[in-house]
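To get this note's numbering, take the position in the sequence shown, counting from 1, and add 363.
Note that the Cβ used here is the ideal one computed from N, Cα and C, for glycine as well.
Note that this is a predicted model, so its numbers are computed, not measured.
One structure is given below, encoded as structure tokens.
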Amino acid sequence: MERALLGPPETWPDDVERHAAECEGCAAKLADALAASAGELDHAEGGTGQEPGSTDPLRDRVEGAIKSEHGLRAGLRALPTPTRISLLVGAGLVLGFGAGAVHMRPDIGAYPGTRFALELLSLAGLVVAATAMHLRPLHRPAPSRVSVALLVGAAALLLAGVVIMAPVTATHPASFLAPGESFFRRALSCFGFGSVVALVPMALLFFVARQRPDVRHGLTAAVFGAAIANFALEWHCPVVATGHLLAGHASILLALAAVLTFATAARGRHHAPTTRT
């Protein structure tokens, strides 16, 4: 917070007020910074500041935000960052396993155990990395475009690796589409299943985030959601055909990235300050 409050108020991050509403210590630091800024302004103007009894508009907004923050969301956002990350990772992976295990893949006994474990651990690692990047504490700098691009690239490479290696394990009748079964219908079924499984964890991810979401948050959420979706599909779908895995599994990352990038960019334009002339 101290780093965020360096400089005049107009240079402070947009989410300073929101964070101060959740943290009493940071609210006190923000109030001190506002008081210092007001004192510097009065000194620069020869003591002709605001009239006695008037209140700084920014202070009014901060105090109003502090009073308005209550309920479940405020309580979750006020949790320490490691706790929020653990909550999201645990909830996402448990939901992914639970959804996939409702109808467990019939070839689970024939699938190589070591490789299956490595795939699950890799997807879980993506969930952890995306969650940590998305829920960064306010005092840390926002993730750079390069770091977000590396995260998305790592997710794409991991899913591509699963697609390339999967046909090696085609040793079970369920590994192939049934005679006469529609390729597109089966792929769409897995795509829809995985996407629906990812919706609740992604909503919770945005729910507990302290920062206003931007495009980088959209991309980290897309990686988070796609990793959980594929985690669930690992337990659920036995088909290992390359075309099916590309169209029904890996494509979830591309779809979520496109939708969330557009949504967060549109939200950013809506909340962007207007330039006065």
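query, result
"Beta carbon of Cys553 nearer than 8 Å to that of Leu609", "no"
"Member of Leu567, Val452 and Val578 whose CA lies at the smallest distance from the CA of Phe594", "Val452"
"Alpha-carbon to alpha-carbon, Gly434 and Thr605", "47 Å"
"Nearest-angstrom beta carbon gap, Ala585 and Leu616 [assumed within contact, 8 Å]", "6 Å"
"At least three beta-carbon pairs within less than 8 Å, the region 467-474 to the region 438-449", "no"
"Inter-stretch contact (C-beta, 8 Å, three-pair minimum) for the region 563-582 and the region 496-505", "yes"
"Same chain, Cβ closer than 6 Å to Glu403, five either side skipped, listed in chain order", "Bear in mind that a pLDDT of 47 at Glu403, under 50, signals an unreliable position, so the model cannot answer this."
"Within the region 463-525, ranges of the alpha helix (DSSP H) (whole runs, at least 4 residues)", "476-497"
"C-alpha gap between His612 and Ala523, whole angstroms", "10 Å"
"Pro445 (DSSP reduced to helix, strand or coil)", "helix"
"Rounded Cβ spacing between Gly461 and His599 (contact assumed at less than 8 Å)", "Going by Cβ atoms, the distance from Gly461 to His599 rounds to 11 Å, so no, they are not a contact pair."
"Secondary structure of Ser545, DSSP reduced to three states", "coil"
"Glu482 burial status per 10 Å Cβ neighbour count (16 or more: buried)", "buried"
"Three-state secondary structure assigned by DSSP to Arg573", "coil"
"Proximity below 8 Å, CB of Ala592 to CB of Gly557", "yes"
"Whether Leu619 touches Ala589 by CB criterion (8 Å)", "yes"
"His580, enclosing alpha helix (DSSP H) - first and last residue", "Val578 to His599"
"Beta-carbon spacing of Leu458, Val622 below 8 Å", "no"
"Reference His607, options Phe539, Ser485, Gly455 and Thr583, closest by Cα", "Phe539"
"Spatial distance of Asp405 from Leu456 (CA atoms)", "In this predicted model, Asp405 has a pLDDT of only 46, less than 50, meaning its place in the structure is not dependable; the value taken from the coordinates is given anyway. Between Asp405 and Leu456, the C-alpha separation is close to 54 Å."
"Backbone CA spacing between Gly603 and His502 [nearest angstrom]", "The question names Gly, but residue 603 in the sequence shown is Val. Taking the straight line from one Cα to the other gives about 44 Å."
"Proximity below 8 Å, CB of Ala518 to CB of Gly581", "no"
"CA nearest to the CA of Leu514, picked from Phe587, Arg548 and Ser449", "Phe587"
"His492 to Val509 span [Cα, whole Å]", "The sequence given here has Ala at residue 492, not His. Distance between the alpha carbons of Ala492 and Val509: 14 Å."
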